[in-house]
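These notes concern the structure reproduced below.
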Amino acid sequence: MKSIKIFLLLLVSITLTNCGDNNEEPAYPLTYENISGTYNIQSLSIDTETTTLVGIIPVTAKANGVGDTFQVDMILNTDKTYSIKGEHRIVITTSVPGVAPTTTQEIVVIDESGNYTINADNSITFSDQNADFLSGDLNVTVFTANNFSLTQEIEGTEPLTNSDFKVNLAVSFIRK
2 MKSIKIFLLL LVSITLTNCG DNNEEPAYPL TYENISGTYN IQSLSIDTET
52 TTLVGIIPVT AKANGVGDTF QVDMILNTDK TYSIKGEHRI VITTSVPGVA
102 PTTTQEIVVI DESGNYTINA DNSITFSDQN ADFLSGDLNV TVFTANNFSL
152 TQEIEGTEPL TNSDFKVNLA VSFIRK
């Protein structure tokens with residue numbers, strides 16, 4: 002009788018440990034065929050930080066931009082070309098130490114087209130020499146059948162003012 006109880010306990014234990022969560026979404030490979038289509042922007046945020054020497058004291062200004070009211074179409078083609086056209090509003094809050102934050106609004110018009118490359122490191126390179134919005138390498142953080150998200154971090158020095166800057170872009174697209 003004791004061996005039957007041990008056997009039943011072992012059977013229940015094995016059954017419970019094998020009933021894992023199988024609801025995970027299967028991996029959706031990032032390919033030109035899978036990403037091609039027409040998308041709208043779902044969300045957009047841009048954070049910048051600029052540090053400038055005022056005399057010998059470094060002063061850091063920060064600006065946070067959040068986009069809304071998106072009327073932008075992005076078309077990704079299987080032949081590795083893209084276009085992104087339309088407009089949206091961006092609300093920018095700027096903070097400088099010792100000064101009250103300011104908020105401004107701007108309508109941004111986008112009209113870009115060029116080529117894109119899907120890279121092995123799960124990034125996409127957009128190449129349009131005149132691009133202001135999507136340019137260079139952007140990391141793919143989410144990719145499903147219906148949406149994808151990109152991030153980009155840029156650091157550098159502005160030669161005219163000798164200011165160091167950091168820019169963080171996060172943008173999400175949803176398939177039409």
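One point on numbering: in the working numbering, the residue at position 20 of the sequence shown is 21, and numbering is uninterrupted.
Using N, Cα and C, we set each Cβ at its ideal position, and we do this for glycine too.
All of these numbers come straight from a predicted model, not from anything done at the bench.
Quiz item: Any idea what DSSP makes of residue 169, helix, strand or coil?
Solution: strand
Quiz item: Among 147, 155, 166 and 161, which one has its Cα closest to the Cα of residue 177?
Solution: 147
Quiz item: Counting pairs of beta carbons, one from the stretch 130–140 and one from the stretch 156–163, are three or more of them closer than 8 Å?
Solution: no
Quiz prompt | Beta carbon of residue 174 nearer than 8 Å to that of residue 43 | solution = yes
Exercise. Within its chain, find whatever has a CB closer than 7 Å to the CB of residue 31; leave out the 5 residues flanking it on each side and keep chain order.
Key: 119, 123, 141 and 144
Quiz item: Residues bridged to residue 62 by DSSP?
Solution: 51
Quiz prompt | Own chain, CB closer than 6 Å to residue 69, minus 5 neighbours either side, in chain order | solution = 90
Quiz item: Closest by CA to residue 48, which one among 37, 62 and 36?
Solution: 62
Quiz item: Which residues in the same chain as residue 161 place their Cβ atom closer than 6 Å to its Cβ, once the five residues preceding and following it in sequence are excluded?
Solution: none
Exercise. Rank 80, 110 and 100 by C-alpha distance to the C-alpha of residue 38 and give the top, closest one.
Key: 80
Self-check item: Rounded C-alpha distance that separates residue 110 from residue 101
Solution: 29 Å
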